[in-house]
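Asker:
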Amino acid sequence: MFQQFALFQQYQGRLSAEVGAAQAQRVVNGALVLMTLGGNDFVNNYFLTPVSARSRQFTIPQYCRYLISEYRKILMRLYELGGRRVLVTGTGPLGCVPAQLATRSRNGECVAELQRAVQIFNPLLVQMIRDLNSQLGSDVFVAVNAFQMNMNFITNPQRFGFVTSKIACCGQGRFNGIGLCTVASNLCPNRDTYAFWDPYHPSERALGFIVRDIFSGTSDIMTPMNLSTIMAIDSNLY
Numbered sequence: 152m153f154q155q156f157a158l159f160q161q162y163q164g165r166l167s168a169e170v171g172a173a174q175a176q177r178v179v180n181g182a183l184v185l186m187t188l189g190g191n192d193f194v195n196n197y198f199l200t201p202v203s204a205r206s207r208q209f210t211i212p213q214y215c216r217y218l219i220s221e222y223r224k225i226l227m228r229l230y231e232l233g234g235r236r237v238l239v240t241g242t243g244p245l246g247c248v249p250a251q252l253a254t255r256s257r258n259g260e261c262v263a264e265l266q267r268a269v270q271i272f273n274p275l276l277v278q279m280i281r282d283l284n285s286q287l288g289s290d291v292f293v294a295v296n297a298f299q300m301n302m303n304f305i306t307n308p309q310r311f312g313f314v315t316s317k318i319a320c321c322g323q324g325r326f327n328g329i330g331l332c333t334v335a336s337n338l339c340p341n342r343d344t345y346a347f348w349d350p351y352h353p354s355e356r357a358l359g360f361i362v363r364d365i366f367s368g369t370s371d372i373m374t375p376m377n378l379s380t381i382m383a384i385d386s387n388l389y
């Protein structure tokens with residue numbers, strides 16, 4: 152993450168050389184930044200099988216609080232570097248993705264332990280964002296409820312025009328959830344009817360529903376405001 156910040160600083164230096172420091176700052180301040188962290192800290196760290204070092208070090212609630220403390224440092228560093236409009240996505244329903252169904256689920260039900268971890272982490276993230284905004288005196292950070300956005304089409308795929316939210320379009324093994332999507336993988340006949348493209352990632356059509364919610368979602372999924380509101384406010388500033 153901090154390597155990405157170093158690259159961001161390099162970009163700002165090059166931009167400043169082209170347009171001047173004042174204009175470069177306006178560009179950076181007016182940019183929309185998307186931060187998506189947390190998922191790999193659970194799937195590829197805490198819940199690694201058979202037993203991870205982190206799971207021996209922390210209980211799930213303790214680990215969630217540890218992640219939030221680290222996330223706060225990252226968001227503050229982004230603010231120091233000029234970020235003023237930052238969408239911060241919570242973690243999605245990790246226990247419901249095909250990769251986890253393939254390896255941890257008996258009959259295709261979402262993996263309870265992973266879901267529990269996410270449902271502890273996300274509210275802590277929202278509260279941390281509220282606290283940061285209060286400290287800064289401005290709604291710099293916007294919490295995106297990615298969990299609920301995904302669960303909408305996972306729990307009721309037919310309502311969104313999907314034939315399944317359990318089987319990935321591209322993959323192999325149970326639920327097409329094993330390994331990567333490659334030229335040798337099973338491939339569904341129509342990716343638009345699958346909620347998941349590969350073992351971890353939603354399909355393009357599913358992501359379209361998420362983007363719609365980001366633009367126009369109510370305050371329970373976009374806190375404190377959705378992207379349309381941000382754009383309306385910022386159109387008068389930049």
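Sequential numbering of the sequence shown, starting at 152, is according to my numbering.
Where is the CB? At the ideal position from N, CA and C, for every residue including glycine.
A quick note: this is a predicted structure, and the numbers were derived from the prediction, not measured.
1. Indicate the three-state DSSP secondary structure (helix, strand or coil) for phenylalanine 347 in the structure shown.
2. So phenylalanine 292 is in the beta strand (DSSP E); what residue range does that whole segment cover?
3. So, for leucine 275: in the same chain, excluding its five sequence neighbours on each side, which residues have a beta-carbon less than 8 Å away from its beta-carbon?
4. Tell me which same chain residues have a C-beta within less than 6 Å of the C-beta of arginine 246, skipping the five on either side of it?
5. Going residue by residue through the region 160–202, where are the continuous beta strand (DSSP E) segments of at least 3 residues, counting only ones entirely within it?
6. Just to check my reading of the structure: phenylalanine 279 and tyrosine 222 have Cβ atoms closer than 8 Å, yes? What is that Cβ distance to the nearest angstrom?
7. Please report how far the alpha carbon of alanine 182 lies from the alpha carbon of glycine 233, in whole angstroms.
8. What would DSSP say about methionine 152, mapped onto helix, strand or coil?
9. Pick out whichever of Trp348, Lys317, Gly241 and Ser367 has its Cα sitting closest to the Cα of isoleucine 305.
10. From this set, Ala383, Tyr351 and Arg356, which residue's C-alpha is nearest phenylalanine 366's C-alpha?
11. Are the CB atoms of alanine 346 and phenylalanine 313 within a distance shorter than 8 Å?
12. Is the Cβ-Cβ distance between asparagine 307 and proline 249 less than 8 Å?
13. Considering valine 237, what are the terminal residues of the beta strand (DSSP E) in which it resides?
14. Do valine 362 and valine 293 have their CB atoms nearer than 8 Å?
15. Which class does glycine 324 belong to by DSSP, given the choice of helix, strand or coil?
16. For asparagine 337, name the three-state secondary structure that DSSP assigns.
17. By Cβ distance below 8 Å, which residues in the same chain neighbour valine 291 in space, the five residues on each side in sequence not counted?
18. Who pairs with leucine 318 in a beta bridge, going by DSSP?
19. By alpha-carbon positions, which one of Ala204, Thr200, Ala319 and Gln213 ends up nearest to leucine 331?
20. Taking the alpha-carbon positions, what's the proline 353 to aspartate 371 distance?
Answerer: In this structure, then:
1. strand
2. In this chain, the beta strand (DSSP E) harbouring phenylalanine 292 covers 292–295.
3. Cys215, Arg216 and Ile219
4. The residue you asked about is not arginine; residue 246 is glycine in the sequence shown. Result list for glycine 246: Cys261, Val262, Leu265 and Gln266, in chain order.
5. If only uninterrupted beta strand (DSSP E) runs of at least 3 residues are considered, those enclosed by the region 160–202 are 183–187.
6. Note on identity: in this sequence residue 279 is methionine, with phenylalanine being the wrong assignment. So it is a contact: roughly 7 Å between Cβ atoms.
7. Each residue's Cα considered, the two are about 9 Å apart.
8. coil
9. Lys317
10. Ala383
11. yes
12. no
13. 236–240
14. no
15. coil
16. strand
17. Tyr230, Gly234, Arg235, Arg236, Val237, Leu283 and Asn284
18. The residue you asked about is not leucine; residue 318 is isoleucine in the sequence shown. Paired residue(s): none; isoleucine 318 is not in a bridge.
19. Ala319
20. Each residue's CA atom was taken as its position, placing proline 353 and aspartate 371 some 21 Å apart.
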